[in-house]
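To start, the structure itself, in structure tokens.
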Amino acid sequence: MCIHQLNLLAASNNLPISNFLGKQHPIEAHHLSSICDIMEKAMVNGDTCIIRCILVVFQVVFKFFFSPQTERNRDIVRRSGLLLWQLLMAPRDQICSEIQKEVCLAISSGLNILYPGEAEINNLLKLVLTEGERNSGLSQLRDVILTNLAEQLQNNRFGSEDDDHYRLNDELLHYILKIVVRESCVLITKCQTVSKDDFQRLLSTVPAASSCLRYLMAVQNHLLSNTILIKPDENDDSDSSLQGETLKVQELKTSILSLATQILTGCDEVLEMLQQVTTALINSDISDREQRLKGLEQITKATMLGHLLPVLLTSLMHPNLQTLTMADALMPQLVQLVLYTSQTALLLKTQSPVFSELNSSPSCASEQKGKHLPDERMLEEKEEPGFLTGLKIPAPWAAGKTVETVHPVRDNYKFKETVHIPGARCLYLRFDNRCSSQYDYDKLVIYAGPSTNSRKVAEYGGNTLGYGSRSVLGTGWPKDLVKVEGDTVTFSFEMRSGREHNTPDKAMWGFACTVRAQESSEDVSGGLPFLVDLALGLSVLACSMLRILYNGPEITKDEETCQELLRSKLLQRCQWQVEANGVISPALTPSPSPLPLTIDEDREFTYPSDVLVPPVGHYFDLPRIRLPPGIMIKLREISGRARPQFRPSIK
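Each residue of the sequence shown is one higher than the one before, starting from 36 at the first, in my numbering.
Right, dumping it as structure tokens:
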């Protein structure tokens, strides 16, 4: 166990022991061979204690003390790998779970030594991902490897040397995503199939993410954070640096698009299963149906719908990812997800008391129907209840923001903070009834603006507890709301006096104040149900992507520069043709044109709608634009050509 403790300490890179172990000389091949001999003998004798100790030794040796550079070392490594796999694949009745866990840790620690090539590691991961469900040892090894890769990936920046090692290829990601989708569907199905006691135990274990889900979360956060937070090097403005940053951003966006497509596809399958289970529970006569429907939302948060989808939706709203390529690729899946989430949220909402109160009873419905006009063809102008009917969308600003000092305040204490609520016409301040300071000149000053140079609104200080000044500044700390015009308020508090020995903490409590943008606070503790919130987020993202598709490609700088030229009627009269290489150029030979021979520049020209096909058999000249006299004078001045003079002919 001392060796095991040493291994745990060495796993932390911040401890001095890690640096010490990293500087030790590599172990020689015959020492590792002796360790393998001890392992073989212990396996033959069935000595579990020695086996566990040697497995911990393998973990330390693989991590710090071994480098397979020679052929003999590689032979010893192959021998070690065979021993580890022999233990891993042993039947469950011959090996305990503790030894199996140590085997997985040993293989994970020596992953780059036992499998030096990228192809070998990929083959190993493909094996544990495809066969892990059939073998407990492979399943545990998969969990250990993916957990370690997820931890390493979270601390790694995109584009570094180790990025390709920790971020698996698309094929392996596809296998991991299939496992996550299957786990999510199984978890949701349990809400319908397990017993009442098992369902309560299931609720107590969520939301716990599996290793596969944790790795997908790490990959998604790794890509999204680097895309959103990436900043070019301000000190390096060379063309090569800008080109490198552009390539990195494009590579990031391509990776995100691929991952987002797979995640949305998986969420589509999970939501379909969720809708089926919800419908089955609603139509069932199970005794604890209401409890299961309530718990279904909590179970859903433990799936990829709760761990992956909200982060992805929020990140896709960032300007760096609001691109035409993203919108074009993700829009069909977003529409499908909006339908699934809104329908399922409405199904769950029909079982809530709020919805039941909104809907009238059958008798009331028949009475209302009788009041309608007898014409059955008349359509009722009544809005169908949606998943947001009866729900109040919480306003983030309704809860307000609390500004407070330390409690109690100390000598020479200074405090300054500014609160800004965009769009607010005025702010309402409510002070805590415990507000107090030792003397009235230990005061709080409030300013209606972003700094202490703004307009002073009020100042408060002192206490009425019989200590210090035994008085308060002005009318004392306010018990009612304090109104401040504008959307910004600044608090400035300073403790100028020294604390006296007989002054208790309650006389030097300081202050606490809640700032809101409205006079009466809303109840913001409940929030929206998870599926309603998810459907609303998907709808907002889908509308944003739809706006991008509607606007189309952004106007380029060349198009902005050529706006006047593109509006010119001189170019509009030209007939354009597409060359073999895709270039658009004016036609050399004019084709028959139905346009009039003369176009007046002063009047707007419209193409004749009644002429669709040009005449056949002869050509018309292209229309000549009659320019205003002022433009013609300018053209003659620039060209140096005088206006031709028509002289009468002499006969």
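C-beta atoms are modelled at their ideal positions from N, C-alpha and C, and glycine is treated no differently.
Using only the alpha-carbon positions, how far apart do residue i and residue j sit?
{"i": "GLY511", "j": "GLY435", "result": "23 angstroms"}
{"i": "GLU636", "j": "GLU599", "result": "Confidence in GLU636 is poor, its pLDDT being 47 and thus under 50, which makes the residue's placement unreliable; the coordinate value appears in the next sentence. In a straight line, the C-alpha of GLU636 is about 15 angstroms away from that of GLU599."}
{"i": "HIS209", "j": "SER219", "result": "15 angstroms"}
{"i": "PRO564", "j": "LEU426", "result": "9 angstroms"}
{"i": "LEU369", "j": "GLU137", "result": "44 angstroms"}
{"i": "SER532", "j": "LEU238", "result": "55 angstroms"}
{"i": "ALA677", "j": "ARG671", "result": "6 angstroms"}
{"i": "LYS288", "j": "ALA364", "result": "12 angstroms"}
{"i": "VAL254", "j": "LEU299", "result": "15 angstroms"}
{"i": "ILE111", "j": "TYR150", "result": "13 angstroms"}
{"i": "LEU328", "j": "SER230", "result": "14 angstroms"}
{"i": "MET308", "j": "LEU181", "result": "26 angstroms"}
{"i": "LYS451", "j": "LEU351", "result": "36 angstroms"}
{"i": "LEU500", "j": "VAL575", "result": "54 angstroms"}
{"i": "ASP72", "j": "LEU146", "result": "21 angstroms"}
{"i": "LEU119", "j": "ALA141", "result": "8 angstroms"}
{"i": "LEU348", "j": "GLN357", "result": "11 angstroms"}
{"i": "ASP303", "j": "GLN371", "result": "7 angstroms"}
{"i": "LEU382", "j": "THR296", "result": "27 angstroms"}
{"i": "ASN157", "j": "ASP205", "result": "11 angstroms"}
{"i": "VAL517", "j": "LYS384", "result": "40 angstroms"}
{"i": "SER674", "j": "THR360", "result": "48 angstroms"}
{"i": "PRO409", "j": "GLN311", "result": "Note that PRO409 scores a pLDDT of 42, beneath 50, so its modelled location is shaky; the value from the coordinates is reported in the next line. Taking the straight line from one Cα to the other gives about 39 angstroms."}
{"i": "GLY484", "j": "SER472", "result": "24 angstroms"}
{"i": "ARG87", "j": "ILE134", "result": "6 angstroms"}
{"i": "ASN447", "j": "LEU292", "result": "55 angstroms"}
{"i": "VAL454", "j": "GLN285", "result": "38 angstroms"}
{"i": "ILE85", "j": "MET78", "result": "9 angstroms"}
{"i": "VAL550", "j": "ARG465", "result": "7 angstroms"}
{"i": "SER132", "j": "ILE211", "result": "24 angstroms"}
Which residues bound the alpha helix (DSSP H) around residue i?
{"i": "ILE263", "result": "246-264"}
{"i": "THR360", "result": "359-384"}
{"i": "LYS136", "result": "132-144"}
{"i": "VAL438", "result": "Premise fails: VAL438 lies in the beta strand (DSSP E), 436-439, not in any alpha helix (DSSP H)."}
{"i": "GLY665", "result": "664-674"}
{"i": "PRO345", "result": "344-351"}
{"i": "VAL241", "result": "Careful: VAL241 lies outside any alpha helix (DSSP H) and carries neither H nor E."}
{"i": "LEU184", "result": "171-189"}
{"i": "ASP323", "result": "No alpha helix (DSSP H) contains ASP323, which DSSP labels as neither H nor E."}
{"i": "ASN157", "result": "153-166"}
{"i": "GLU695", "result": "The structure shown does not extend to residue 695, since the chain is modelled only from 36 through 686, so no value can be given for it."}
List the endpoints of the continuous beta strand (DSSP E) containing residue i.
{"i": "ILE481", "result": "478-483"}
{"i": "GLU452", "result": "449-455"}
{"i": "VAL92", "result": "Careful: VAL92 lies outside any beta strand (DSSP E), inside the alpha helix (DSSP H) at 83-95."}
{"i": "TYR495", "result": "490-496"}
{"i": "CYS220", "result": "Per DSSP, CYS220 belongs to no beta strand (DSSP E); it is in the alpha helix (DSSP H), 205-228."}
{"i": "LEU462", "result": "461-466"}
Which residues in the same chain have their Cβ closer than 7 angstroms to the Cβ of residue i, if we skip the five residues on either side of it in sequence?
{"i": "ASN355", "result": "THR262 and ILE263"}
{"i": "VAL215", "result": "CYS247, LEU248, LEU251, GLY301 and MET339"}
{"i": "GLU402", "result": "At GLU402 the pLDDT is 46, less than 50, meaning the model places this residue with poor confidence; the figure from the coordinates comes in the next sentence. Counting only Cβ-Cβ distances below 7 angstroms, and skipping sequence neighbours, we find nothing."}
{"i": "PRO443", "result": "ASP540, MET543, TRP544 and GLY545"}
{"i": "GLY458", "result": "ASP522"}
{"i": "LEU508", "result": "ASP475, LYS478, GLU494, TYR495, GLY496 and GLY497"}
{"i": "LEU573", "result": "LEU348, LEU369, LEU372, VAL373 and THR376"}
{"i": "LYS491", "result": "VAL480 and TYR482"}
{"i": "ASP82", "result": "none"}
Can you find the residues in the same chain that come closer than 6 angstroms, C-beta to C-beta, to residue i, ignoring five residues on each side of it along the sequence?
{"i": "CYS470", "result": "TRP512 and PHE546"}
{"i": "LEU173", "result": "VAL163, GLU166 and GLY167"}
{"i": "LEU529", "result": "Note that residue 529 is Glu in the sequence shown, not Leu. The residues are LYS449."}
{"i": "SER144", "result": "GLN94, PHE97 and LYS98"}
{"i": "GLU153", "result": "none"}
Starting from the C-beta of residue i, find all residues in its chain whose C-beta is less than 8 angstroms away, skip the five residues before and the five after it, and write them out in chain order.
{"i": "SER290", "result": "LEU258"}
{"i": "MET366", "result": "ALA577, MET580, LEU581 and LEU584"}
{"i": "TRP201", "result": "First, the residue type needs correcting, since residue 201 is Tyr and not Trp in the sequence shown. Here the set comprises LEU184, GLN187, LEU188 and ASN191."}
{"i": "LEU601", "result": "GLU594"}
{"i": "GLU332", "result": "LEU383, PRO564, PHE565 and LEU566"}
{"i": "VAL305", "result": "VAL216, SER219, CYS220, ILE223, THR338, MET339 and LEU340"}
Taking Cβ to Cβ, would you say residue i is nearer than 9 angstroms to residue j?
{"i": "ALA570", "j": "VAL373", "result": "yes"}
{"i": "SER504", "j": "ASP475", "result": "yes"}
{"i": "TYR463", "j": "LEU479", "result": "no"}
{"i": "LEU160", "j": "LEU203", "result": "yes"}
{"i": "ALA337", "j": "VAL241", "result": "yes"}
Quick one: is residue i near chain C, going by C-beta distance under 9 angstroms?
{"i": "LEU423", "result": "The question asks about chain C, but that chain is absent: this structure has only one protein chain."}
Minimum length 4: unbroken alpha helix (DSSP H) runs contained in the stretch 499-584:
Segments of the alpha helix (DSSP H) lying fully in the stretch 499-584: there are none.
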